Ligand code: IMP
Ligand code: MG
């Protein structure tokens, strides 16, 4: 079998750069929610956010609650106009502070749909935290509250993010030769 780094043409963001930036974002979230009455509900979008979320949450110095939403993907990439929720969050979200944890915001269609859906569950606030952002590809307006890195229009993998279900276990963000 080939090794896990096969077909990676470039390391875009190193493990060390990710670690440092995730620490900064965790410190911001800790500061922003330190006076909250209840722990914020951190809702990860599976599968892509799981590595980022695991690292981020362990660096947040506050109690948090955790849940996940699974959105449908067609083939190997998301088709924005056909985003479907396969598994919803189980936590009671009414009156709660929600932070959505996403791996990468591309067109923004996935998050638009998820935000519209979560608003129907009457949270007291709803914020978005993403590891990566591709602003040049945006089709809908999304306000990002916590963004680790802006990247160019490249197809990337690693740190939880896949191509055809592979490369999620790379510790860095790399560009894959498709
Ligand atoms: P959006 O609805 O277009 O914002 O799509 C966001 C989703 O598309 C992400 O959560 C990823 O699952 C996927 N995606 C977008 N860009 C990439 C990429 O460069 N590599 C891997 N997946 C990507
Ligand atoms: Mg995703």
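Numbering (my numbering), first residue to last: 7 to 184.
Using N, Cα and C, we set each Cβ at its ideal position, and we do this for glycine too.
Please read all numbers here as calculations on a predicted model, not as lab measurements.
Item                                                                                                                             : Value
Based on Cα-Cα distance, which residue from 88, 108 and 125 lies nearest to residue 224?                                         : Since the first residue shown for the chain is 7 and the last is 184, residue 224 is missing from the structure and cannot be characterised.
So what does DSSP say about residue 59, is it helix, strand or coil?                                                             : helix
At what residues does the beta strand (DSSP E) containing residue 184 begin and finish?                                          : Careful: residue 184 lies outside any beta strand (DSSP E) and carries neither H nor E.
Please classify residue 64: is it buried, with 16 or more other beta-carbons within 10 angstroms of its beta-carbon, or exposed? : exposed
Check whether the region 47-64 and the region 165-179 touch, using three or more Cβ-Cβ pairs below 8 angstroms as the test.      : yes
Given this structure, state the Cα-to-Cα distance separating residue 184 from residue 157, to the nearest angstrom.              : 18 angstroms
Please determine, among 178, 140 and 148, the residue with the shortest C-alpha to C-alpha distance to residue 133.              : 148
Can you tell me the Cα-Cα spacing of residue 176 and residue 121, whole angstroms?                                               : 29 angstroms
Who does residue 47 pair with in a DSSP beta bridge?                                                                             : 71 and 104
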